[in-house]
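Asks: Please find one structure pasted underneath; my questions will follow.
In UniProt numbering, the protein residues as written are 1 to 386.
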């Protein structure tokens, strides 16, 4: 699958142009096409089993799909009458089409083909089909697919909405990498993030690419690599912040908003803290978690000041109260004695493992307490008796 994705990316400009031409042919066609067309091929047995298990489900090919008006032609491509390769099955796809259904474009390309006698129909990439039936006829499997209208199938609408929510309306190398990470294809995702960093070194998405690369290596247990990527993300974020500050100074004070990057930096420091925690370097982890608290404090203080500058009629008071509730004491003395540490920790011996993401200052405070408990190993052993 991911090899096909890589091909789609590399040939994306050609694919776009072919799709545009197909769309033009589809819209200007004057003669109706036959109601059923055919596609013959040999597929892996495991793929055939997958199709059987998903009867009445949806299928979409990654690339353009070639079919023919002539069933005899498709028999040649399926290898009918010839020995089939081990692990493969002959398949004939029957493709009923309905010009009244709005789908991805398709067209008869006989006049553009090097072999016009094949009566080739070409479907654009991403065309959606429903698997209606799968039956064995002598030496060939016959699979009937039905073109569907993309905005009428509930499952497809749910999938489309989910992908838009996760990846956004527009696509890029960053969103492609995010999608590959989502399906567990970490190395392929890393490849696209590295392309982004190499080919577009000044792109604003590079910070996210470094963070995502760090997250991938963290998940794979390659903590030193992950640490390097997260540090690079902080360096680029600081450069961006400095550039923004210089740009802002040139404007009137009433015309700018403070760059809100403290939360992003805090999230990266949280990841760095988790790495050092996993490596058993608890002093370093504790230092990173302290940095998380500091940056969250800066963000909250700036937001509270900004809110208070608004007129009371803007009804911002509830927002102020929310920030006040979040402003939990985050000061923890590194040189606390055993009794005081135990008092602060409460049932800290049963603290949950560090989170890859924080949701409140309590999470950060818990991480810092956990690191301190590891520093004072005798106390940790004593807590096991409770």
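For glycine and all other residues, C-beta sits at the position ideal for the given N, C-alpha and C.
Taking 8 Å as the cut-off, does the region 84 to 97 touch the region 34 to 45 (at least 3 CB pairs, one atom from each stretch)?
Replies: The region 34 to 45 vs the region 84 to 97: in contact.
Asks: In this structure, does DSSP put residue 67 in helix, strand or coil?
Replies: Stepping through the chain shown from its first residue, residue 67 is reached at position 67. It is a strand residue.
Asks: Mind checking whether residue 118 and residue 183 have CB atoms under 8 Å apart?
Replies: Position 118 of the chain shown holds residue 118. Position 183 of the chain shown holds residue 183. The answer is no: Cβ separation not under 8 Å.
Asks: Opposite residue 232 in the DSSP bridges: which residues?
Replies: As a position in the chain shown, residue 232 is number 232, starting the count at 1. DSSP, once it has assigned bridges, lists no residue as partnering residue 232.
Asks: Check for me: the beta strand (DSSP E) holding residue 394 runs from which residue to which?
Replies: An answer regarding residue 394 cannot be provided, because it is not within the stretch 1 to 386 covered by the chain.
Asks: If you draw a straight line from the alpha carbon of residue 33 to that of residue 193, how long is it in whole angstroms?
Replies: By 1-based counting over the chain shown, the position of residue 33 is 33. By 1-based counting over the chain shown, the position of residue 193 is 193. Distance between the alpha carbons of residue 33 and residue 193: 44 Å.
Asks: Looking at the unbroken beta strand (DSSP E) that takes in residue 140, where does it start and where does it end?
Replies: Indexing the chain shown from 1 puts residue 140 at position 140. First-last of the beta strand (DSSP E) with residue 140: 140 to 147.
Asks: Less than 8 Å separating the beta-carbons of residue 40 and residue 92?
Replies: What you label residue 40 is simply residue 40 of the chain shown in a count that begins at 1. What you label residue 92 is simply residue 92 of the chain shown in a count that begins at 1. Contact flag set, yes.
Asks: Could you round the C-beta distance between residue 36 and residue 94 to whole angstroms and report it? I think they count as a contact, below 8 Å.
Replies: Numbered from 1 along the chain shown, position 36 holds the residue referred to as residue 36. Numbered from 1 along the chain shown, position 94 holds the residue referred to as residue 94. At roughly 6 Å, the Cβ-Cβ gap stays under 8 Å, so residue 36 and residue 94 are in contact.
Asks: Enumerate in chain order the residues of its own chain whose CB-to-CB distance from residue 186 is below 8 Å, with the five nearest sequence positions on each side excluded.
Replies: On the chain shown, position 186 is the one that residue 186 refers to. Hits under 8 Å: 180, 216, 219 and 220.
Asks: Could you tell me if residue 103 is buried or exposed, where buried requires 16 or more neighbouring beta carbons within 10 angstroms of its beta carbon?
Replies: The residue labelled residue 103 in the question sits at position 103 within the chain shown. Buried, because 16 or more other Cβ atoms sit within 10 Å of the Cβ of residue 103.
Asks: One question on the structure: do residue 60 and residue 38 come within less than 8 Å of each other, judged by their Cβ atoms?
Replies: Within the chain shown, the letter at position 60 stands for residue 60. Within the chain shown, the letter at position 38 stands for residue 38. Going by C-beta atoms, residue 60 is not nearer than 8 Å to residue 38.
Asks: Compute the distance between the beta-carbons of residue 120 and residue 66, then report whether it is under 8 Å.
Replies: Here the question's residue 120 lines up with position 120 in the chain shown. Here the question's residue 66 lines up with position 66 in the chain shown. Yes, they are a contact pair.
Asks: Assign residue 121 to one of three DSSP states: helix, strand, or coil.
Replies: The sequence position of residue 121 within the chain shown is 121, counting from 1. Strand at residue 121.
Asks: For residue 98, report the span of its alpha helix (DSSP H) as first-last.
Replies: In the chain shown, counting from the first residue as 1, residue 98 sits at position 98. From DSSP, residue 98 is part of no alpha helix (DSSP H); its letter is neither H nor E.
Asks: Does residue 292 come out as helix, strand or coil in the three-state DSSP assignment?
Replies: In the chain shown, the residue the question calls residue 292 occupies position 292. Looking at residue 292 - three-state DSSP - the assignment turns out to be helix.
Asks: What are the partner residues of residue 136, as DSSP defines its beta bridges?
Replies: As a first step, residue 136 must be located in the chain shown, where it is residue number 136. Residue 136 pairs with 141.
Asks: For residue 270, count neighbouring Cβ atoms within 10 angstroms of its own Cβ and tell me buried if that reaches 16, exposed if not.
Replies: Here residue 270 is taken as the residue at index 270 of the chain shown, counted from 1. That one is buried.
Asks: Check whether the Cβ atoms of residue 226 and residue 275 lie closer than 8 Å to each other.
Replies: Here the question's residue 226 lines up with position 226 in the chain shown. Here the question's residue 275 lines up with position 275 in the chain shown. Result yes, Cβ atoms of residue 226 and residue 275 sit closer than 8 Å.
Asks: Going straight from the alpha carbon of residue 282 to that of residue 288, what length do you get?
Replies: As a working mapping, residue 282 is identified with position 282 in the chain shown. As a working mapping, residue 288 is identified with position 288 in the chain shown. C-alpha separation (whole angstroms): 10 Å.
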